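Inspection log for the structure reproduced underneath, given as structure tokens.
In this note's numbering, the protein residues as written are 135 to 491.
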């Protein structure tokens, strides 16, 4: 039994049952390199913009706010870096990591290579909550309303699926699709009956995925949830390996499939709900990036997840940086860029799998 778990299987793909572990560079070294690249990316991306500030200014601003340097930047430059850009870049990093991890887990639990973090209707529920705040004046802050909408959508999907939610059944997927359609219909009705002028543009940008509203307060709410859920998820790497073989074999390997599946779905809901609450629905990242990273790490989740998190963070940091600068002073919704990048990459991955088959 130990040998089987050590030779951890791939998350669902066209070949979901590999025979061994990918040899090569130690995962801790790859993860360390990516963490260093992530830190450098945060500094560099925070410096990118029309103000002419550089990474040294970013370090000076951060150091001054942490009490490490006595002299800070001029007030305007400090506000640009510390109040506008830095919370947005950090939010992009957390959202990218959350969506990448959630996508990998959903692909494993559903044994579906096309699964993404939004499969259970989480993004549609979050969208309905956000639109209710933006257009109907519901007395909640937008991230909280979006998060509650995502959680209610998950609860609806689990209620529709019933006992099948604890098993490897397609019923939970179908329930998620049904809830997503209901929430999407509600969102469309609210937009149709209430949106006009600037409010319509604001709603549309959020639905396409945008980090323009990120600030320290939203980061303080979503950040701890994403970090905590991500760390807990790492502890379930072996269980995820077993799930890739199917529920029956996972149970024979000692995994309590029902409770473990519900815990993993709950972690995905926390990660995705928190991410969507501060960024809107950013597509393709959670679908394509897990497949791309598996080419480097192999299928074992103990290797995959620690590399996938910083990879997702780096990807979204630079994608969002491009979104806010490529057509400056106008912003492109970051979800458009992730789709433009993700769709061709996914086609290439499918083509490579076809050739390898």
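Glycine included, C-beta positions come from ideal geometry on N, C-alpha and C.
All figures in this text were calculated on a predicted structure; none of them were measured in a lab.
Residue i: buried (16+ other C-beta within 10 angstroms of its C-beta) or exposed?
i: residue 482; result: exposed
i: residue 381; result: buried
i: residue 468; result: buried
i: residue 281; result: buried
i: residue 389; result: buried
i: residue 457; result: buried
i: residue 354; result: exposed
i: residue 186; result: exposed
i: residue 494; result: This structure cannot settle anything about residue 494, because the visible part of the chain is limited to 135 through 491.
i: residue 297; result: exposed
i: residue 486; result: exposed
i: residue 478; result: exposed
i: residue 429; result: exposed
i: residue 445; result: buried
i: residue 220; result: buried
i: residue 379; result: buried
i: residue 93; result: Examination of residue 93 is not possible in this model, given that the chain is present from 135 through 491 alone.
i: residue 447; result: buried
Rounded to a whole number of angstroms, what is the C-alpha to C-alpha distance between residue i and residue j?
i: residue 408; j: residue 201; result: 30 Å
i: residue 377; j: residue 175; result: 34 Å
i: residue 178; j: residue 190; result: 9 Å
i: residue 474; j: residue 205; result: 43 Å
i: residue 244; j: residue 170; result: 33 Å
i: residue 290; j: residue 315; result: 12 Å
i: residue 393; j: residue 351; result: 34 Å
i: residue 155; j: residue 440; result: Per-residue confidence for residue 155 stands at a pLDDT of 45, beneath the threshold of 50, marking its modelled position as unreliable; the derived number appears in the next sentence. Cα-Cα distance, rounded: 16 Å.
i: residue 427; j: residue 165; result: 12 Å
i: residue 142; j: residue 265; result: Confidence at residue 142 is low in this model, with a pLDDT of 41, below 50, so its placement is unreliable and the value that follows should be read with caution. If you take the alpha carbons of residue 142 and residue 265, they lie about 42 Å apart.
i: residue 470; j: residue 476; result: 10 Å
i: residue 210; j: residue 199; result: 14 Å
i: residue 413; j: residue 341; result: 9 Å
i: residue 322; j: residue 333; result: 14 Å
i: residue 411; j: residue 356; result: 8 Å
i: residue 167; j: residue 319; result: 44 Å
i: residue 148; j: residue 306; result: With a pLDDT of 43 at residue 148, under the threshold of 50, the modelled position of that residue is not reliable, and no figure is offered here.
i: residue 288; j: residue 308; result: 12 Å
i: residue 358; j: residue 489; result: 42 Å
i: residue 336; j: residue 465; result: 12 Å
i: residue 384; j: residue 242; result: 12 Å
i: residue 293; j: residue 343; result: 28 Å
i: residue 203; j: residue 160; result: 37 Å
i: residue 207; j: residue 194; result: 7 Å
i: residue 313; j: residue 326; result: 20 Å
i: residue 192; j: residue 386; result: 53 Å
i: residue 215; j: residue 391; result: 47 Å
Leaving out five residues before and five after residue i in sequence, what residues of the same chain have Cβ atoms less than 7 Å from its Cβ?
i: residue 402; result: 236, 239, 240, 251
i: residue 310; result: 253, 254, 255, 291
i: residue 405; result: 232, 235, 236, 360, 363, 364
i: residue 270; result: 324, 328
i: residue 257; result: 410, 415
i: residue 197; result: 203
i: residue 182; result: 455, 459
i: residue 366; result: 401
Please name the residue, chosen from the options, that lies closest to residue i on a Cα-to-Cα basis.
i: residue 184; options: 463, 467, 306, 478; result: 463
i: residue 217; options: 349, 458, 165, 430; result: 349
i: residue 423; options: 434, 443, 213, 265; result: 443
i: residue 233; options: 472, 484, 488, 486; result: 472
i: residue 459; options: 168, 345, 313; result: 345
i: residue 420; options: 271, 194, 449; result: 449
i: residue 453; options: 417, 488, 436; result: 417
i: residue 162; options: 484, 431, 447; result: 431
i: residue 400; options: 286, 433, 337; result: 286
i: residue 437; options: 455, 391, 220, 374; result: 374
i: residue 434; options: 370, 197, 391; result: 370
i: residue 484; options: 425, 461, 455, 192; result: 425
Suppose the cutoff is 8 Å on Cβ atoms and the five residues either side in sequence are ignored; what does the same chain contact list for residue i look like?
i: residue 451; result: 172, 175, 176, 179, 223, 226, 227, 230
i: residue 317; result: 255, 258, 259, 261, 262, 283, 287
Going by the C-beta, is residue i closer than 6 Å to any heavy atom of the ligand PLP?
i: residue 418; result: Because no ligand of any kind appears in the structure shown, any question about the ligand PLP cannot be addressed here.
Less than 6 Å between C-beta atoms, sequence neighbours within five positions excluded: which residues of the same chain meet that for residue i?
i: residue 283; result: 259, 260, 262, 263
i: residue 368; result: 439
i: residue 397; result: none
i: residue 339; result: 467
i: residue 295; result: 305, 306, 309
Does any residue of chain C have a CB that is nearer than 7 Å to the CB of residue i?
i: residue 384; result: Protein chains in the displayed structure number just one, and chain C is not present.
*List in chain order: all unbroken alpha helix (DSSP H) runs of 4+ residues lying wholly within the stretch 344-429.*
350-368, 371-377, 381-386, 391-413
*Mind pulling the alpha helix (DSSP H) runs of 4 or more residues that sit fully within the stretch 176-234?*
189-199, 209-212
_Complete runs of the alpha helix (DSSP H) confined to the stretch 271-338 [at least 4 residues]_ = 276-295, 305-328
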